[in-house]
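Residue numbers (full-length UniProt numbering): 1 to 192.
Here's the structure, in structure tokens; my notes come after.
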Amino acid sequence: MLRALRRETFDLLILDHALPDMAGFDVLTKIREIVATHVPVVFVTSFQADSDETSALNAGADDYLIKPVEAGVLRARIGSVLRRARAVASGNGEEAGDGFAFDPVACSVSRNGVAVHLTERQFRLALLFYQHLGTTLSREHILDLVWNGDAGVSTRTIDTQICRLRTKLTLAPESGYRLASVHGRGYRLDRL
Numbered sequence: 001m002l003r004a005l006r007r008e009t010f011d012l013l014i015l016d017h018a019l020p021d022m023a024g025f026d027v028l029t030k031i032r033e034i035v036a037t038h039v040p041v042v043f044v045t046s047f048q049a050d051s052d053e054t055s056a057l058n059a060g061a062d063d064y065l066i067k068p069v070e071a072g073v074l075r076a077r078i079g080s081v082l083r084r085a086r087a088v089a090s091g092n093g094e095e096a097g098d099g100f101a102f103d104p105v106a107c108s109v110s111r112n113g114v115a116v117h118l119t120e121r122q123f124r125l126a127l128l129f130y131q132h133l134g135t136t137l138s139r140e141h142i143l144d145l146v147w148n149g150d151a152g153v154s155t156r157t158i159d160t161q162i163c164r165l166r167t168k169l170t171l172a173p174e175s176g177y178r179l180a181s182v183h184g185r186g187y188r189l190d191r192l
């Protein structure tokens with residue numbers, strides 16, 4: 001799982017204290033070290049002590065559920081954690097960092113109060129990169145999330161949209177960001 005976190009992005013992770021290779025707390029600590037952006041983590045475990053729950057939440061878990069958990073409750077709690085995470089990431093009145101703010105209704109990004117109009121796909125692409133700042137995203141992963149896995153979209157289309165996004169948002173070293181291709185792996189947005 002830790003290797004996968006270096007290559008791919010995840011909307012949410014579910015952990016247990018009792019994992020085959022490593023304790024859940026240790027995995028959570030590694031996740032927070034490896035992943036540049038906040039990935040929501042929900043513990044679902046049979047450990048019932050208040051101290052276990054407190055430790056998990058203090059270590060960065062977003063929720064803690066004790067087994068057995070009804071499927072409906074689990075879905076509702078995961079939905080709640082995801083809504084909170086997306087509200088922060090999508091901007092909903094909040095800054096994304098360095099003066100960037102995302103407006104999902106207008107499909108625009110503003111920087112220091114100046115709006116930049118983007119197409120819907122460009123907006124989704126920008127939001128994806130900012131949600132996963134510092135993480136290399138494969139073209140396949142970008143295709144899945146931004147173009148909903150449309151097999152008719154060529155990698156050249158993705159490259160073109162990334163080039164346009166780089167220009168529109170001035171994602172260049174002189175502005176404090178670099179959106180660059182990672183040979184053989186995909187693209188990565190870094191804050192310099």
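All C-beta atoms in this analysis are idealised placements derived from N, C-alpha and C, irrespective of residue type, glycine included.
Note that the coordinates shown come from a computational prediction; the quantities given were computed from them, not determined experimentally.
| Check | Outcome |
| --- | --- |
| Per DSSP, residue 177 forms a beta bridge with which residues? | 191 |
| Straight-line CA distance for residue 23 to residue 67? | 17 Å |
| By DSSP, does residue 69 sit in helix, in strand, or in coil? | coil |
| Less than 8 Å between the beta carbons of residue 28 and residue 41, yes or no? | yes |
| Secondary structure at residue 117, three-state DSSP: helix, strand or coil? | strand |
| Can you round the beta-carbon distance between residue 65 and residue 74 to whole angstroms, since I take them to be within the 8 Å contact cut? | 7 Å |
| Nearest-angstrom Cα distance between residue 166 and residue 152? | 23 Å |
| State buried or exposed for residue 94, treating a residue as buried only when at least 16 other CB atoms are found within 10 Å of its CB. | Summary for residue 94: the model assigns pLDDT 43, below 50, so the residue's position carries little reliability, and this model does not support an answer. |
| Taking the Cβ atom as the reference point for each residue, do residue 137 and residue 187 lie within a distance shorter than 8 Å? | yes |
| In the DSSP output, what is residue 182 paired with across the bridge? | 186 |
| Could you check the C-alpha separation between residue 69 and residue 9 for me, to the nearest Å? | 26 Å |
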